[in-house]
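K.L.:
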Amino acid sequence: MKHFLSAVAASLLEARSKFLVLLLCAAWLAMLAGTRSLMLPDEGRYIGVAWAMLSSGDWLTPTLDGLPYFHKPPLFYWLTGLSLKLFGVNDWAGRLASVFGALVAVGGLFFFVRRYAEQRLATLAVAVLVTQPMFFAGAQYANLDMLVAGMIAATIVCGASAILRLASGQSYRPALAAAYVFAALGVLAKGLIGFVLPGAILLAWVLLRKRYRLIPALLSLPMIGLFFAVAAPWFVWMQILYSGFWDYFFVYHHFQRFSQTGFSNAQPFWFYVPVLLLGALPWSPWIVRACSWKFLVDPARVEVRSLMLVWMLGILVFFSLPNSKLLGYVLPALPPLAFLIADVLLGWLQQRKEVGTDGLEGQEPQASRAERSLYLGGSLLLAGSLCVSLIALVLVFDSTSTRSLSKQVAPLYSPDEQIVMIDEYEYDLPFYLRPENDVWVVSGWQDVAAIAAHDNWRKELYDAGQFDPARMRAVLLLPGEFVARLCAYSGASLWVWGKTAQAQRYAFLPEQAIAFADEKRTVWRLDAEQRRQLKDCQAATPGG
């Protein structure tokens, strides 16, 4: 084992092929992406919207249960829909947009550090990054956080490269154009933070390095035009199709939600500090050495180190300001954290090497070299084990998905049959059963005040319904409307999904119609004869 770990570490530090490094990172990040079912609500929601795009053929308007869904812009849905088309409708393909976002961050960090520091540091930095449990898990979690983190990282490294090239009199426009394109893609990934955050970080770095004179060249009109050419068309088209879209998307979802305090994920200001330290284990203790002023202002690396410090602190401060905090928000801080850790670690390894060669005419003893390699190899093994263990824990303990129950239903279910959900919207159910018709969702939709007070599935569907009231009336039903719709339904079977704990509330559904049940969900299958036998349906039938 010692020889194996030493060999791994030696190969890492001596790697010369940049494509091999990135290929190994891609394989590592993607290999477990299909081992578990979709987590609810996020994965079921976002992959479900992408599947709806693919199945409907409408690649412009995101929909949730057939209703225009404008909580987030479309880049994740486009990439996921493309992935589902290329690799099939499965959990692994549904998560590839997040893997892609992670690889954009990895590639951006690698090529930037390789260009402005050295190859060994670039390789070690991405090795630390992809073996941080938080980054590894984020790359396999299908929501928008890792995708926008990748775009933010790419914008920062391309923008920083443009700044350094401009300062030294080199050609800078290709790098600057790439920064503007990635910023535009960041906007299409998650909105205004796609350019506000990297723009603020780069501006702070320029001011810190006292390069004020470069700012006009960085804000050239052709580059701004390029940004709007990529970012703006979808937003303009949605406003044309749906009046009030801009107010809902930009004003409400960006400014009002950022400042509101009524969400369930409220956390203290310092919340993200322990999150980063725990999420980067076992590497995070090394960050203490990076807090040295001598380390930060070392002329040999001051440009890159100052950028990484401003980058990491900028993300931390920005997302610490609002009361509402989610773990994924801080993912853009992980690449600079990985660099600072790798920079300190590589310096320590070099010091150990110099100590080992003292008095030996520059020849390091085999034992000293083996000790350094063993430490690095052991750290990689421990970090990788933590990453895999985290995914295994989620696999064992997460029970939010409907995949298991859907597999039982699938042999008896026909896609043209109607699905009904009572007092819950199971985001992943359409993905696993692939119905031809939108689901009927039964709840107290008349209680607008209660819906507005809770940031959950009911509010999402209700908000979406405001952009298509006719479609909303067709799929969002009050309990009384559902009974009438059930009795009038002329299809073969009608499938009703409800909560097992509240099954007694659905007394009008006969017990003998229960097809499947587990500790969380109960599924009723009502064929035509069973529907005719329902008391409510008999009372509604003339002469019944």
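Numbering (our numbering), first residue to last: 25 to 568. C-beta: ideal position from N, C-alpha, C; glycine also.
Near F532, which residues of its chain fall below 8 Å by C-beta distance, leaving aside the five closest residues on each side in sequence?
P.N.:
These residues qualify, in order along the chain: V507, L558, K559, D560.
K.L.:
With respect to the beta strand (DSSP E) encompassing S517, which residues constitute its N-terminal and C-terminal limits?
P.N.:
Its beta strand (DSSP E) spans residues 517–523.
K.L.:
Just tell me which of A161, P222, G118 has its CA closest to the CA of G68.
P.N.:
The candidate whose alpha carbon is nearest that of G68 is G118.
K.L.:
Residues in the same chain with beta-carbon distance under 7 Å from L145, minus the five sequence neighbours each way, listed in chain order, please.
P.N.:
V137, A366, D367, L370, listed in sequence order.
K.L.:
Could you name the residues of the same chain whose beta carbon sits closer than 8 Å to that of V205, not counting the 5 residues immediately before and after it, in chain order?
P.N.:
So the list reads L250, F251, V254, once near-sequence residues are dropped.
K.L.:
Helix, strand or coil: which one does DSSP assign to V547?
P.N.:
DSSP places V547 in strand when its eight states are reduced to three.
K.L.:
Considering only residues of the stretch 423–473, which uninterrupted beta strand (DSSP E) runs meet the minimum length of 3 residues and lie entirely inside it, listed in chain order?
P.N.:
As far as the stretch 423–473 is concerned, its whole beta strand (DSSP E) runs of at least 3 residues are 442–446, 464–466.
K.L.:
Run through the DSSP bridge pairs and tell me what S348 is partnered with.
P.N.:
For S348, which the question treats as bridged, DSSP gives the partners A290.
K.L.:
May I have the straight-line CA-CA distance separating G112 from Q375, to the nearest angstrom?
P.N.:
Distance between the alpha carbons of G112 and Q375: 51 Å.
K.L.:
So that I know if they touch, is there some Cβ in chain D lying closer than 7 Å to that of L53?
P.N.:
Here chain D cannot be found, since the structure has a single protein chain.
K.L.:
By the 10 Å Cβ neighbour count, where 16 or more other Cβ atoms means buried, how is T87 classified, buried or exposed?
P.N.:
Classification for T87: buried.
K.L.:
My assumption, with CB atoms under 8 Å, is that M445 sits in contact with A304. Please give the rounded CB distance.
P.N.:
At roughly 39 Å, the Cβ-Cβ gap does not stay under 8 Å, so M445 and A304 are not in contact.
K.L.:
How about M170 and L355: are their beta carbons less than 7 Å apart?
P.N.:
Yes, these two residues count as a Cβ contact at 7 Å.
K.L.:
Roughly how many angstroms separate the alpha carbons of P459 and L414, rounded to a whole number?
P.N.:
C-alpha separation (whole angstroms): 33 Å.
K.L.:
By alpha-carbon positions, which one of V150, Q143, F343 ends up nearest to V130?
P.N.:
Taking only the C-alpha atoms, the option nearest V130 is V150.
K.L.:
Is DSSP giving L87 helix, strand or coil here?
P.N.:
First, the residue type needs correcting, since residue 87 is Thr and not Leu in the sequence shown. In this structure, T87 counts as strand in the three-state DSSP scheme.
K.L.:
Anyone know if the C-beta pair for A202 and L99 falls short of 7 Å?
P.N.:
Cβ distance not < 7 Å, so A202 and L99 don't count as in contact.
K.L.:
For S397, count neighbouring Cβ atoms within 10 angstroms of its own Cβ and tell me buried if that reaches 16, exposed if not.
P.N.:
Buried, by the Cβ-count rule.
K.L.:
CB-CB under 8 Å to Q432, same chain, minus the five flanking residues each way: which ones, in chain order?
P.N.:
Excluding residues within five positions, the ones whose Cβ falls inside 8 Å are F540.
K.L.:
Assess, as a yes-or-no matter, whether the stretch 78–92 is touched by the stretch 477–494 under the definition of 3 or more beta carbon pairs within less than 8 Å.
P.N.:
Because the criterion of three Cβ pairs below 8 Å is met, the stretch 477–494 and the stretch 78–92 touch.
K.L.:
For the structure I just gave you, are there three or more beta carbon pairs, one from the stretch 338–356 and one from the stretch 298–314, closer than 8 Å?
P.N.:
Yes: at least three Cβ pairs fall under 8 Å.
K.L.:
How long is the line joining the alpha carbons of A177 and I225, rounded to whole angstroms?
P.N.:
For A177 and I225, the distance between alpha carbons rounds to 11 Å.
K.L.:
Between M332 and L358, is the Cβ-Cβ spacing less than 7 Å?
P.N.:
No, the pair does not count as a contact, with Cβ atoms beyond the cut-off.
K.L.:
Quick one: is G568 buried, meaning 16 or more other Cβ sit within 10 Å of its Cβ, or exposed?
P.N.:
Low confidence applies here, because G568 scores a pLDDT of 46, under 50, leaving its location unreliable; read the following figure in that light. G568 comes out exposed.
K.L.:
DSSP three-state label for F540, please.
P.N.:
Correct three-state label for F540: strand.
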